[in-house]
Amino acid sequence: MSLFSELRLVPFSRLTNGSRWRVEAMRSYSAPQLLWITKGQGRITVGGVTRGYGAHNAVFIPAHTMHGFEMTTQVYGTAIVFSGMPDMDLPDGPHHLRIRDGAVQAELTILVESLQREIDGRRPEAKRAIRHLAGLVSVWLDRQILLEEDGPRRPDSARRLASGFAALVEKDFRSAKSVSDYAAELGVTPTHLTRVCNRTCGRTASDLLAERKISEAQRLLADTRAPIKEIASALGYASPAYFTRAFQARAGASPTTFRKGH
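Numbering of the sequence shown is given in the UniProt record's numbering, commencing with residue 1 and proceeding in unit increments.
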């Protein structure tokens, strides 16, 4: 990669990479990202909490945070991916900001456009300019978090539990751990955990766990040539046959058929 690879700007039209499951299924990335939505609406789930989004929403997603993003062709925006920037001063947790002030909207849009010019132009000192502009994006983000109209709010107990469950799933989804195992680790009953997940994101706890596993299976089937039995084992399924049944139920196709189509 070139010296311009530290930060990436990805238009929403390219996020799907030809397949909508790449953004809609539960997954995580190794780098933090800021989604700047300029047009359209839908729903986004981050860390076990689902919210509606609309135009001029900014959604910050930390690295290794489980999320899924409903997106149609009518949704426009840019993902700012802070790859290769471990020293960037970014929030520790996710944030969903609804930016109502036109001047504040313009500030971020101008920063994104300036970043794109530096990335495309490859002018002298471009790397330095990109890092300074990325720093200004982080300042913009922190400022809006502090100036949220409703002020800083502590998440309620349901959202804290759902976020804790999502973080554990992201850490251990490749294991054979069940919802009961996660609930025990969180100090609650499986029934309570499922009730909370239904409240925060409209999914049961088992749905969230299954979606994360199947999302990773889709990625491995599409992007690698690993045998299906190895994928099943790597994701904690008891047998390839059980994996195939679970995958078909969620993805609407067998692992073999899905791989052939991608």
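Note that beta-carbon positions come from the ideal geometry of N, C-alpha and C, so glycine has one too.
Same chain only: Cβ atoms within 8 Å of residue i, ignoring 5 sequence neighbours per side
| i | result |
| --- | --- |
| Ser-30 | Ala-63, His-64 and Ser-83 |
| Ile-214 | Ala-25, Ala-246, Phe-247, Arg-250 and Ala-251 |
| Glu-216 | Arg-27, Phe-173, Arg-174 and Leu-235 |
| Ser-254 | Thr-244, Phe-247 and Gln-248 |
Own chain residues within Cβ distance below 6 Å of residue i, not counting five before or after
| i | result |
| --- | --- |
| residue 273 | A query on residue 273 cannot be resolved here, the shown segment of the chain reaching from 1 to 262 and no further. |
| Asn-57 | Ile-37 and Arg-98 |
| residue 263 | The question about residue 263 has no answer here: the residues shown for the chain are numbered 1 through 262. |
| Asp-207 | none |
Reference residue i, options the options, closest by Cα
| i | options | result |
| --- | --- | --- |
| Thr-50 | Asn-198, Glu-6 and Arg-259 | Asn-198 |
| Asp-156 | Thr-200, Tyr-182, Ile-110 and Glu-170 | Thr-200 |
| Arg-100 | Thr-16, Tyr-53, Met-85 and Ala-210 | Tyr-53 |
| Ile-80 | Phe-69, Ser-138, Ala-103 and Glu-70 | Ser-138 |
| Gly-93 | Ile-145, Lys-260 and Ala-106 | Ile-145 |
| Ala-184 | Gly-202, Lys-171, Phe-165 and Glu-170 | Phe-165 |
Pairwise C-alpha distance: residue j and residue i
| i | j | result |
| --- | --- | --- |
| Met-88 | Pro-240 | 42 Å |
| Val-75 | Ser-233 | 37 Å |
| Arg-43 | Leu-34 | 16 Å |
| Gly-236 | Lys-177 | 8 Å |
| His-96 | Leu-147 | 13 Å |
| Leu-168 | Thr-73 | 32 Å |
| Gln-41 | Gly-77 | 11 Å |
| Leu-115 | Gln-105 | 16 Å |
| Glu-230 | Leu-15 | 27 Å |
| Lys-260 | Leu-220 | 13 Å |
Cβ neighbours of residue i in the same chain (closer than 7 Å, five flanking residues each side left out)
| i | result |
| --- | --- |
| Glu-118 | Ala-126, Ala-129, Ile-130 and Leu-133 |
| Asp-181 | none |
Cβ pair residue i, residue j closer than 8 Å
| i | j | result |
| --- | --- | --- |
| Leu-141 | Pro-91 | yes |
Rounded distance between the beta-carbons of residue j and residue i, thought under 8 Å
| i | j | result |
| --- | --- | --- |
| Ser-19 | His-262 | 6 Å |
| Leu-161 | Val-179 | Actually they are not in contact, since the Cβ atoms of Leu-161 and Val-179 sit about 13 Å apart, beyond 8 Å. |
| Arg-159 | Met-66 | About 14 Å separates the two Cβ atoms, so there is no contact after all. |
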